[in-house]
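Each residue of the sequence shown is one higher than the one before, starting from 1355 at the first, in the numbering used here. Notes follow once the structure below has been shown.
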Amino acid sequence: MRTTLMPANVGSVRELRRPERDPAAEGRHLHPAALPQWRALLEFGWQERLERVTQLSLAFHEAAEAAADPASDPDARHAARQRANRIGHRTVIHRRALADIEAALTRLATGRFGRCEQCGDAIAIGRLTEMPQAAYCAECAA
Ligand SMILES: [Zn+2]
């Protein structure tokens, strides 16, 4: 273990490792030395989502403008309004994901990343790999 990496966090490192009684389970749970990689992964995902939200916002404004264009016929305006609604829903989903990633980055900064927000157990690595922003273990999320 590279304790020299972050001497100020030794307490939280112990905290993270404490419940690992089964050595076989060690590999399946978060290792403190891997935190920088998790941060990079989360930041990459955050950037991707942000770009998506930006694209969707532009598309939404285009559709909303077309829906309000008095020069186009009612059918075209109706279709544009529906398109704007669909884009709006997708934007909400991506904004929520963005907020989830931000919350995960906060947990990472405060030594709570990889711990279930409800029961405090370690979140399985497989689950975190699939969804690094996961705030709950599989049991609590079910
Ligand atoms: Zn849990």
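Even glycine gets a Cβ: it sits at the ideal position worked out from N, Cα and C.
Item                                                                                                                                            : Value
Measure the beta-carbon distance from L1482 to L1389 and round it to whole angstroms, keeping in mind my assumption that it falls under 8 Å.    : No, L1482 and L1389 are not in contact; Cβ-Cβ is about 12 Å, not under 8 Å.
Which whole-angstrom value is the C-beta distance of I1455 and L1396, which I expect to be below 8 Å?                                           : 6 Å
Mind reading off the beta-carbon distance from A1413 to I1441? Whole number of angstroms is fine, and I expect it under 8 Å.                    : 5 Å
Closer than 7 Å: is that where the CB of Q1409 sits relative to any heavy atom of ligand 1?                                                     : no
Report the start-end ranges of each beta strand (DSSP E) in the segment 1382 to 1455 that is 3 residues or longer and not cut off at the edges. : none
Roughly how many angstroms separate the alpha carbons of E1493 and Q1436, rounded to a whole number?                                            : 38 Å
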